[in-house]
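With our numbering, the residue at position 296 of the sequence shown is 299, and numbering never jumps.
Positions of the beta carbon are idealized from the N, C-alpha and C atoms, including for glycine.
Please read these numbers as outputs of a predicted model, since none were measured by experiment.
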Amino acid sequence: MRTRFRDFKYKGFTGTVERLEDGSFSGKVNDLNEGFSYLAPSHSELEVQFKNRVDYFYELCTMLGVEPEIIGRVKSRSWPYFLLFLIAVFVMAGLLWFYAHEFPLSEVASQSNSKLDWFDKSGSFFNNYSAPLLSFLSFMGLLFTIYQQNRSHQLSLKELALTREELELTRKEIEKTTIANEEQAEALRQQVVEAQSAAAEQKALAQEQRKATQIQQFETSFYALLAEHNQALTELINAAKGNNDDIVNISSIAFYSMHDCLKEIQDNAQLCRYFRMLYQILKFVVTNHVSNLNRDFSNEYLQSDVSEEEKRYASLIRAMLPQNVLGILAVNCCAGYEPEHSYHKYFLVLQRYSFLEHLNVDTALTYREMDYRHPNAMAIVIQSYSPTAFGTSESLVKLEKKFRKYLEYENPESDHIIFVLGKGKKGSVYEKMTKIEHAWNCPFWAVLN
């Protein structure tokens with residue numbers, strides 16, 4: 004049930020006070036924003052709102068440069084018209100009294116002969132006095148009407164100005180609301196970005212953890228295989244001790260022909276078994292390293308770039324091999340240069356990991372047999388493998404310098420050696436070393452072509 008209280012009064016305005024059923028107060032300013040009510044939790048706060056609205060109305064009038072006027076109280080006034088009517092009646096009555104006093108009708112009527120000129124004069128008298136008076140009253144009425152219209156026009160302008168101000172305030176409120184919505188949207192967008200960033204960080208962390216787990220699993224298996232490899236290599240070396248005819252004990256493959264070296268390898272079952280184990284360990288490194296997501300072991304992948312991290316594991320294996328075993332391994336896989344050969348992937352793996360980097364190639368490239376020179380096994384190695392297989396080999400750099408210096412001097416001996424060695428395979432180290440004009444133009448080279 005609603006309860007009415009005594010109205011507020013402030014600066015000529017009154018405001019209603021009404022208590023609602025929920026205990027809050029409602030009110031509105033009479034003759035200002037008619038129909039617009041406001042709410043407050045208490046009677047004192049409602050009074051503050053009432054005064055704020057009245058003060059706001061006066062501030063608007065000040066900004067617009069108009070006199071504050073209570074729009075609801077502007078009503079048409081009838082008393083000026085009534086006053087003008089009384090003045091007109093009083094003047095007419097006064098004129099009638101004046102004329103009757105100056106020209107008494109009784110004296111004229113007592114005479115037997117009425118004077119027509121009396122009526123003529125009386126009509127002229129009333130006409131001369133009433134016409135200017137009525138014109139004056141009409142003129143005053145016209146001025147008053149113009150004044151009222153001007154007043155009404157000013158009030159209309161005030162109402163229009165207030166309406167425009169309200170529209171401007173509404174527009175500003177809408178702009179503020181729009182800005183607030185944009186800020187809220189920006190805050191939501193920032194939250195989304197932060198959520199995405201957090202999700203990306205969590206994903207990256209999960210990937211790092213998964214990668215760390217994969218690396219740990221890979222290294223566990225790798226080091227177990229490395230231990231078995233080291234044991235097999237030790238057994239191979241120990242088995243060859245005391246047997247000077249065993250190929251494992253040779254100091255360098257430069258003392259063997261390619262044919263003899265391959266025959267010795269094939270006749271040594273333990274050596275062949277070790278090479279198969281070494282191949283499987285290197286294959287494990289290629290296919291199980293974390294960088295190889297698809298466990299690819301194709302020829303294209305083996306010839307692609309390799310990371311230093313992956314190469315480090317192969318280097319641990321390479322470091323265990325002595326010079327003689329490393330040279331025998333190079334000879335064993337030489338035929339893998341041909342894509343159709345069964346050792347082709349073994350050949351590509353050795354090149355991928357620069358497995359021959361520590362092989363000493365700074366040796367002779369030919370041997371004599373029955374007064375003839377023949378290319379030895381080391382020559383076939385450098386004629387088959389590309390520079391990638393040797394990495395940053397210092398012995399290869401020395402060999403290149405000696406070879407080029409040897410070719411700078413034109414003599415039959417050097418020409419004969421080049422003729423004996425022949426051409427290296429495409430892309431091999433030997434092909435790179437012999438890219439000297441002298442080598443191609445020597446007399447014996449024409450025979451090879």
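Beta-carbon proximity of residue i to residue j, cut-off 8 Å
i, j, result
"Leu42", "Phe28", "yes"
"Ser40", "Gly26", "no"
"Ile331", "Ile383", "no"
"Arg56", "Val32", "yes"
"Cys337", "Ser396", "no"
"Ser389", "Val432", "yes"
"Leu87", "Gly18", "no"
"Leu63", "Glu168", "yes"
"Glu403", "Met436", "yes"
"Val364", "Ile385", "yes"
"Ile320", "Leu285", "yes"
"Tyr304", "Lys428", "no"
"Ile250", "Asn271", "yes"
"Arg7", "Glu21", "yes"
"Leu362", "Gln326", "yes"
Three-state class that DSSP yields for residue i in the structure shown
i, result
"Tyr282", "helix"
"Asp249", "coil"
"Leu359", "coil"
"Lys12", "strand"
"Ser255", "coil"
"Gly458", "Residue 458 lies beyond the stretch modelled for the chain, which goes from 4 to 452, so this question has no answer here."
"Tyr388", "coil"
"Thr6", "strand"
"Asn116", "Summary for Asn116: the model assigns pLDDT 44, below 50, so the residue's position carries little reliability; its value from the coordinates is reported in the next sentence. Reduced to three states, the DSSP call for Asn116 is coil."
"Tyr41", "strand"
"His441", "Its pLDDT being 45, under 50, His441 is placed unreliably in this model, and the value from its coordinates should be taken loosely. Here His441 sits in helix by DSSP."
"Val289", "helix"
"Thr173", "helix"
"Val32", "strand"
"Arg298", "coil"
"Glu189", "helix"
"Val77", "Annotation note: pLDDT 48 at Val77 (below 50); position unreliable, coordinate value reported separately. Coil at Val77, not helix or strand."
"Leu23", "coil"
"Thr395", "coil"
"Thr223", "helix"
"Gly18", "strand"
"Asp365", "coil"
"His344", "coil"
"Lys161", "helix"
"Pro325", "coil"
"Gly425", "coil"
"Leu451", "Confidence in Leu451 is poor, its pLDDT being 34 and thus under 50, which makes the residue's placement unreliable; the coordinate value appears in the next sentence. Three-state result, Leu451: helix."
"Lys206", "helix"
"Lys408", "helix"
"Lys54", "helix"
From the options, residue whose alpha carbon lies closest to that of residue i
i, options, result
"Leu424", "Val400, Phe258, Asn184, Tyr370", "Tyr370"
"Phe225", "Met95, Val328, Asn291", "Asn291"
"Val288", "Leu146, Leu229, Pro342, Asp249", "Leu229"
"Phe258", "Ala380, Ile385, Lys401, Leu172", "Ala380"
"Lys14", "Asp34, Phe85, Met261", "Asp34"
"Met66", "Gln157, Leu165, Thr19", "Leu165"
"Leu136", "Leu160, Ala96, Leu158", "Ala96"
"Glu50", "Asp249, Phe11, Arg298", "Phe11"
"Leu265", "Thr19, Tyr304, Asn335, Lys429", "Asn335"
"Glu222", "Glu211, Arg315, Phe142, Thr148", "Arg315"
"Gln283", "Asn297, Asn252, Ile253, Glu231", "Glu231"
"Ser301", "Lys401, Ser318, Tyr349", "Tyr349"
"Phe422", "Gln220, Arg376, Gln273, Glu185", "Arg376"
"Trp82", "Phe147, Asn247, Ala201", "Phe147"
"Phe406", "Ala392, Gln219, Lys438, Lys428", "Lys438"
Residue i, enclosing beta strand (DSSP E) - first and last residue
i, result
"Ala338", "It is not in any beta strand (DSSP E) - Ala338 carries neither H nor E in the DSSP assignment."
"Arg371", "369-372"
"Arg376", "375-378"
Segment limits, alpha helix (DSSP H) that includes residue i
i, result
"Lys435", "432-436"
"Ser318", "311-321"
"Asp308", "From DSSP, Asp308 is part of no alpha helix (DSSP H); its letter is neither H nor E."
"Lys266", "261-270"
Contact test: residue i Cβ vs the ligand MG heavy atom, cutoff 7 Å
i, result
"Ser307", "For the structure depicted, the ligand MG is absent and the ligand set is empty, with no information on it obtainable."
Is the region 345-362 close to the region 228-244, with three or more CB pairs under 8 Å?
The region 345-362, when compared against the region 228-244, does not touch it at the 8 Å Cβ threshold.
Meets three-Cβ-pair contact criterion under 8 Å: the region 270-284 and the region 299-315:
Contact fails: fewer than three Cβ-Cβ distances are below 8 Å.
At least three beta-carbon pairs within less than 8 Å, the region 318-331 to the region 245-257:
The region 318-331 is in contact with the region 245-257.
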